[in-house]
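Taking it in order: structure first as structure tokens, then the write-up.
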Amino acid sequence: MIFVWWSNNEAQLPFKSEYESDNQRSPMFSLDCIPPIPTPARTALIEAFFDDEDVEDALADDSNDACLTRVYLGQREPNRFYDGLLNFELRLEQMRELGLDAHDLARQIALGLAIAHWHAQIDCRDTEFVLAGAEEEGTTHLWMLDFDKARSFEQDDRDVIDKLKAATMGNDPYFPDSSCR
């Protein structure tokens, strides 16, 4: 994505200046408004995980339109009480129940972390992963968000061990756990 952005936008940036580093490609953030989960997916979540007596009200509740689904691969057992879809926590067993490919989600999370860690050189502390809408109507994508606590790090043994390990362990609900098979 970063390479596509640079290819599409580099010509709009100022030409060479006295500072050579101004003309080099470097890591960047792209900000987007994350669209909510499409209506059929919201309906499926409500019908699958809400109490039967709450389904009709939940389907009619406009506050459920703002749905981002947190992908918790590191937590197996679902919360069985739901009163809304805002920040819905989708755990491993629920993903299986819905027929989602948890392995593919894990690969996508790993790829996002690898790019952030080794290309952008940020630790991704407190970064979150959500299933949400996409530009293509009716589809979902995995989004990576909430970089406010992310820090840069040096690619040396000490920073990799100290910063990346701490950042990863702090995001444990999102990452697969060997006990969750």
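With our numbering, letter number 28 in the sequence shown gets 28, and the count goes up by one each step, no holes. No residue lacks a Cβ here, since even glycine has one placed at the ideal position from N, Cα and C.
Endpoints, the alpha helix (DSSP H) within which residue i is located
i, result
"G133", "From DSSP, G133 is part of no alpha helix (DSSP H) but of the beta strand (DSSP E) over E128 to G133."
"L105", "A102 to A114"
"L98", "L92 to L98"
"R42", "T39 to F49"
"E56", "V55 to A60"
First and last residue of the uninterrupted beta strand (DSSP E) at residue i
i, result
"F182", "Outside the shown range of the chain, which is 1 to 181, sits residue 182, and nothing can be said about it."
"V71", "T69 to Y72"
"L142", "T140 to L145"
Selection from the options that minimises the alpha carbon distance to residue i
i, options, result
"G138", "T39, Q12 and A150", "T39"
"D52", "E77, D62, F81 and I34", "F81"
"Y174", "V130, D156 and F153", "V130"
"L211", "L164, F147 and D162", "Residue 211 falls outside the range modelled here, since the chain spans only 1 to 181, and no answer is possible."
"E154", "A132, D126, A134 and H119", "H119"
"A106", "Q75, E135, D157 and K163", "Q75"
"Q142", "Q108, T168 and E135", "Note that residue 142 is Leu in the sequence shown here, rather than Gln. Of the listed residues, the one whose Cα sits closest to L142 is Q108."
"G170", "N8, K149 and V4", "K149"
"G99", "A44, T168 and A110", "A44"
Cβ neighbours of residue i in the same chain (closer than 6 Å, five flanking residues each side left out)
i, result
"G112", "M144"
"A116", "I122 and C124"
"F49", "Y82"
"M95", "A102"
Sequence-distant residues of its chain with Cβ nearer than 8 Å to residue i (five each side left out)
i, result
"N64", "R42, I46, A58, G84, L85 and L86"
CB contact flag (residue i, residue j, <8 Å)
i, j, result
"E128", "R70", "yes"
"A102", "L68", "no"
"A132", "P36", "yes"
Same chain, Cβ closer than 7 Å to residue i, neighbours up to 5 away in sequence not counted
i, result
"V55", "I46 and E47"
"T140", "I37, P38, A41, L131, A132, G133 and A134"
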